[in-house]
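A.B. asks: Just dropping this structure here.
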Amino acid sequence: MSTYVVLLGPPGAGKGTQAKILARETGLVHVSSGDLFREHLSQQTELGKLARSYMDRGELVPDEVTIQMIRERLERPDCQAGAILDGFPRTTVQADALEALLQEHHARVDLVPLITAPLEVLVDRLGGRWTCRAQGHVYHEKYNPPRQPGRCDIDGSELYQRDDDRSETVQRRIQVYFEQTAPLIDYYRQRGVLLEVDGTQPIEAVTAILLQAIQAVRTARV
Ligand code: ADP
Ligand code: AMP
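Residues in the sequence shown are numbered from 74 upward in steps of one, following the working numbering.
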């Protein structure tokens, strides 16, 4: 039986950090729409060029192309047992599309942890975020530094600061979250799958809560 987890929360809440750990611990695949767009960007595909014009401004890439990209990713065999979705869905249209797609496979969104943190924490985290070029592992210069500055602990690749982590774009991304993505909180609450998690706790404390919740969902269905 499959398990689909959607990590919800504003930019900087810790979704990517947690998704990487949860994937390792649960064996579920980490699917990050932002990472997929950044791969297209670096390979200079047509989708990458289109996505860049939105990402640079902190706006959402249009639903149609985003949904198509995620559909293709989720239909690959490695997602059959489920996935940890990070950054998707971000609109109600995307959430409806995900529901329909999973229904085709007799699956559903099982759990939606909402990771929260106050605005000043988000801004501080994004301002100090360093991302790994090869696989998108994330670090923070103060809160989660790599062992060797500028190098990923896990795969040794170069760390860089994302263009959209500049302060003007950060403000816009957070605003877009509240306008377009926050309605998904009620959407998933109504479906009985929302779990609010305080994202200001240490990384390990957040992971422990999420792992326990995933375990509970899996056990309940056996
Ligand atoms: P998101 O994917 O939600 O945008 P990230 O996982 O990339 O967020 O985290 C944003 C930044 O905050 C990164 O630099 C990361 O190292 C740091 N971070 C993540 N979780 C925590 C935490 N619980 N405490 C302190 N810093 C954190
Ligand atoms: P993230 O890596 O999740 O912070 O996403 C970086 C950027 O990619 C966002 O600011 C958007 O421009 C774009 N993006 C990522 N996921 C989505 C999505 N589900 N819908 C629309 N745009 C997205």
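C-beta atoms are modelled at their ideal positions from N, C-alpha and C, and glycine is treated no differently. Treat the numbers as computed from the prediction; the structure is a model and nothing was measured.
#1: Tell me which residues share the same chain as Arg291 and place their Cβ nearer than 7 Å to its Cβ, disregarding the 5 neighbours each side in the sequence.
#2: Does the beta-carbon of Phe251 have 16 or more other beta-carbons within 10 angstroms, so that it is buried, or is it exposed?
#3: When burial is assigned at 16 or more other CB atoms within 10 Å of the CB, is Tyr261 buried or exposed?
#4: Hey, would you say the C-beta of Ala156 is under 7 Å away from at least one heavy atom of the ligand ADP?
#5: Any heavy atom of the ligand AMP closer than 7 Å to the beta-carbon of Thr139?
#6: With Arg202 and His210 assumed to form a contact (beta carbons below 8 Å), what rounded beta-carbon distance in angstroms separates them?
#7: Since I believe Arg264 is in contact with Glu231 (beta carbons under 8 Å), could you give me their beta-carbon distance rounded to a whole number of angstroms?
#8: Does the pairing of the segment 135-151 with the segment 234-246 give three or more beta-carbon distances under 8 Å?
#9: Could you give the distance in angstroms between the alpha-carbon of Leu110 and the alpha-carbon of Asp159?
#10: Restricting to Cα atoms, I'd like to know which of Gly131, Gln253, His179 and Val104 is closest to Met142.
#11: Taking only three categories from DSSP, how would you classify Pro191?
#12: Would Leu120 pass as a contact of Leu257 if the rule is Cβ separation under 8 Å?
#13: So does Ile247 have its beta carbon nearer than 7 Å to some heavy atom of the ligand ADP?
#14: With DSSP as the reference, please indicate the residues paired to Asp297 in a beta bridge.
#15: Taking 8 Å as the limit between beta carbons, can you name the residues of its chain near Val270, skipping five residues before and five after?
#16: Beta carbon of Ala180, beta carbon of Ile140: below 8 Å?
#17: Alpha carbon to alpha carbon, how far is Ile287 from Val78?
#18: So, is Pro84 buried or exposed, given that buried needs 16 or more other C-beta atoms within 10 angstroms?
C.D. replies: Looking at the atomic coordinates:
#1: Thr76
#2: exposed
#3: buried
#4: no
#5: yes
#6: Not confirmed; about 11 Å, so no contact.
#7: Not a contact, Cβ separation roughly 41 Å.
#8: no
#9: Per the sequence shown, the amino acid found at residue 110 is Phe instead of Leu. Their backbone Cα atoms lie some 13 Å apart in a straight line.
#10: Val104
#11: coil
#12: no
#13: no
#14: The requested residue 297 does not occur in the structure, where the chain is confined to residues 74 to 295.
#15: Pro186, Leu187, Ile188, Thr189, Val279, Ile282 and Leu283
#16: no
#17: 8 Å
#18: buried
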